[in-house]
Amino acid sequence: MGELLKTIDWSPLYLSLKTGIVATVLTFFLGIGAARQIMKLNNTAKAIADGILTLPLVLPPTVAGFFLLLIFSLRRPFGRYLLENFDIKLVQTWPGCVMAAFVIAFPLMYRNARAAFEQVDVTMIQAGRTLGLSERKIFWKIVVPIAAPGLASGTVLSFARAIGEYGATTMLAGNILGKTRTVSVAIATEVTAGNWDTAGFWVLVIVLLSFFIVASMNIIAGKNMNNGSGWA
Amino acid sequence: MLNAKIVKKFHGFNLDVEFETDGGCMGILGASGCGKSMTLKCVAGIEKPDSGRIVHNGKVLFDSEKGINLPARERHVGYLFQNYALFPTMTVEDNLKISLTGKDKEKQIQISEQIGRFQLQGLEKRYPSQLSGGQQQRVALARMLLCKPEMILLDEPFTALDGFLKDTLQLEMLELLKDFNGDVLFVSHSRDEIYRFCDRMILLSNGESVVEGLTKDIFRKPLKVEAARLTGCKNISPIERISEYELYALDWNIKLKTAEPIGDSTQYIGIRGHNLIPVNNPEEENTMKISLAGSAHTTFQQQYLVQNASKLSSSKIWWIREKKEYEAKEMETIPLYLKFPKEDLLLLS
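In order, the protein sequences belong to chains S and A. Going letter by letter, the first sequence gives residues 1 to 232 in our numbering. Going letter by letter, the second sequence gives residues 1 to 349 in our numbering.
Shown next, in the form of structure tokens:
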């Protein structure tokens with residue numbers, strides 16, 4: 001084990017964390033924004049929009065990866081447009097890792113945010129309006145704090161899902177050491193190459209990290225969501 | 001001055017009300033689900049009527065024909081919610097502060113003034129869940145009045161409180177509202193509250209206004225069956241007119257003389273339970289021989305259900321006696337006859 005620690009290339013862990021953090025920040029704001037916009041729709045539009053936004057959660061990640069390639073491949077119009085006009089390239093690059101992780105983690109944030117917002121007593125919002133507050137202030141000062149426990153768990157779940165992303169990542173971003181090889185991709189690669197020690201090490205890292213995330217979420221939730229009912 | 005005509009369709013019935021206030025407190029009385037709260041919400045601008053027009057002190061708040069629908073935050077209407085709607089993640093102080101604009105120092109001065117006025121000292125740092133029902137109501141009132149509303153809407157303000165607190169808080173609120181010069185709309189299903197707070201009232205039943213007028217007049221002379229019921233008259237019977245001052249109460253099987261002339265529109269007769277008088281002489285006017293069908297003892301009242309003894313298929317009649325007039329023993333004895341004093345008979349259409 002000591003030998004392994006000396007020779008190991010830490011870049012996958014670093015890439016995983018970096019990808020996870022950036023993707024989570026994106027899902028946080030876009031997930032909340034989407035949840036808020038969707039709540040304004042009528043029921044039919046809501047069902048359709050909700051279905052589309054939730055798809056990445058239920059589809060195999062490789063299907064998401066396929067669609068991402070379909071959009072961002074440099075041989076496709078939109079991918080070429082991004083490269084020529086903004087110098088943005090997602091295929092085989094680190095931004096591709098972020099995009100893949102974002103798409104897969106997004107539904108978790110969006111759904112948790114929406115559920116949390118829907119739990120907020122509508123009279124809170126109505127009270128805010130009669131008190132002369134702007135919709136923006138009502139949202140950020142009243143609704144978001146009330147929904148905070150749900151938003152927090154959505155954020156943690158998104159982060160956990162983002163750092164574990166494999167399927168869509170390999171398809172869009174590939175497997176380039178030091179560039180796009182995250183921990184989950186590294187595990188598959190090491191196993192294929194027969195390096196069971198290295199693969200086992202990364203497995204240990206990801207198990208500990210995930211456990212830490214879920215345990216901390218439970219602690220936060222336990223603090224904020226104690227409703228005193230004592231229902232066990 | 002508030003002038004409102006509100007039409008809105010919702011959950012299986014139509015709200016269609018029209019009313020006018022001229023300052024002071026106007027009550028809206030009705031059973032649960034008759035559209036009272038919806039009316040208030042339409043005035044406040046947190047629900048949108050299908051059609052109608054709402055004008056307050058010359059300012060058009062809503063007009064479906066002209067396409068005007070002022071957002072709630074521009075209507076300057078204070079709304080006291082049934083559950084008070086305090087923001088649970090904010091302390092008392094922050095709840096008061098949220099609607100204020102300006103410098104922090106000025107805000108602080110306004111808040112401490114308001115805290116003194118509403119006797120909230122020592123509660124500034126508490127969260128709503130750490131307050132009693134009465135304290136929550138005071139915070140909600142304080143918060144609402146800080147916005148300097150031009151009109152106040154009270155939505156069942158005492159329903160969430162226990163009986164003991166209610167009376168004290170009602171007096172407190174009367175005191176606080178005295179300083180307020182604008183219109184007040186007070187929604188309640190409790191006739192006692194409406195009677196206590198409101199000079200004028202409107203009665204709602206199934207989304208429509210039944211009567212409108214001075215509270216005392218409506219309680220004295222409800223004129224309509226629904227109004228009689230909502231103001232607490234339990235005994236109502238359809239009638240057959242015999243002559244100008246005499247009728248036959250069909251459900252009670254009794255001929256009654258009236259003090260007022262019976263018009264063509266009069267279809268029913270009513271009498272409040274506490275207006276019936278026990279008598280010993282069957283020859284007296286409007287007297288019925290009774291038999292007891294049931295009784296209940298509440299804290300300060302004896303309630304009896306009696307029937308016309310000569311015809312036991314007739315409808316039951318509530319007769320209510322205040323307890324203090326009688327010793328407990330005497331309460332057990334039931335008189336043979338009850339008199340329907342003609343000046344207390346309510347002619348209803």
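Glycine included, each C-beta is placed from N, C-alpha and C at the ideal position.
At least 7 Å separates the CB of Q119(S) from every CB of chain A. When secondary structure is reduced to three states using DSSP, R53(A) falls in the strand class. By the neighbour-count criterion, in which a residue is buried when 16 or more other Cβ atoms sit within 10 angstroms of its Cβ, Q37(S) is exposed. Note on the segment 12-95 of chain A: whole beta strand (DSSP E) runs with a minimum of 3 residues are 13-21, 24-29, 51-56, 59-63, 77-80, in chain order. For T39(A), the closest Cβ of chain S is not nearer than 7 Å.
For A85(A), the closest Cβ of chain S is nearer than 7 Å.
Taking a Cβ-Cβ cut-off of 8 Å, R126(A) has no neighbours in chain S, whose nearest Cβ is about 16 Å from it. Three or more Cβ pairs closer than 8 Å define a contact, and the segment 111-129 of chain S falls short of that threshold against the segment 180-191 of chain S.
Judged by DSSP in its simplified three-state form, H189(A) adopts coil rather than helix or strand. For the 7 Å CB-CB criterion, L230(A) and L29(A) form a contact. Here L70(S) is exposed. Its C-beta has fewer than 16 other C-beta atoms within 10 Å.
Rounded to whole angstroms, the separation of the alpha carbons of D63(A) and Q267(A) is 38 Å. When Cβ-Cβ separations below 7 Å define contact, R73(A) makes contact with chain S. Taking every protein chain shown into account, the CB of T299(A) has fewer than 16 other CB atoms within 10 angstroms, so this residue is exposed. Residues of chain S with a Cβ closer than 9 Å to the Cβ of C147(A) are, in chain order, T130, L131, G132. With contact defined as three or more Cβ pairs closer than 8 Å, the segment 264-280 of chain A and the segment 227-242 of chain A are in contact.
For the pair A147(S) and A116(S), the CB atoms are nearer than the 7 Å cut-off. Beta-bridge annotation (DSSP): S295(A) is paired with Y304(A). In the three-state reduction of the DSSP assignment, V279(A) falls in the strand class. The three-state reading of DSSP puts T287(A) in strand, counting E and B together.
Cα atoms of G52(A) and N42(S): separation of roughly 24 Å, rounded to the nearest angstrom. If you look at I104(S), you'll find it in the alpha helix (DSSP H) that goes 94-119. Residue E124(A) holds the alpha-carbon nearest to the alpha-carbon of E93(A) among F164(A), E124(A), H189(A), V139(A).
For the segment 9-43 of chain S, the set of residues with a beta-carbon nearer than 9 Å to any beta-carbon of chain A is empty.
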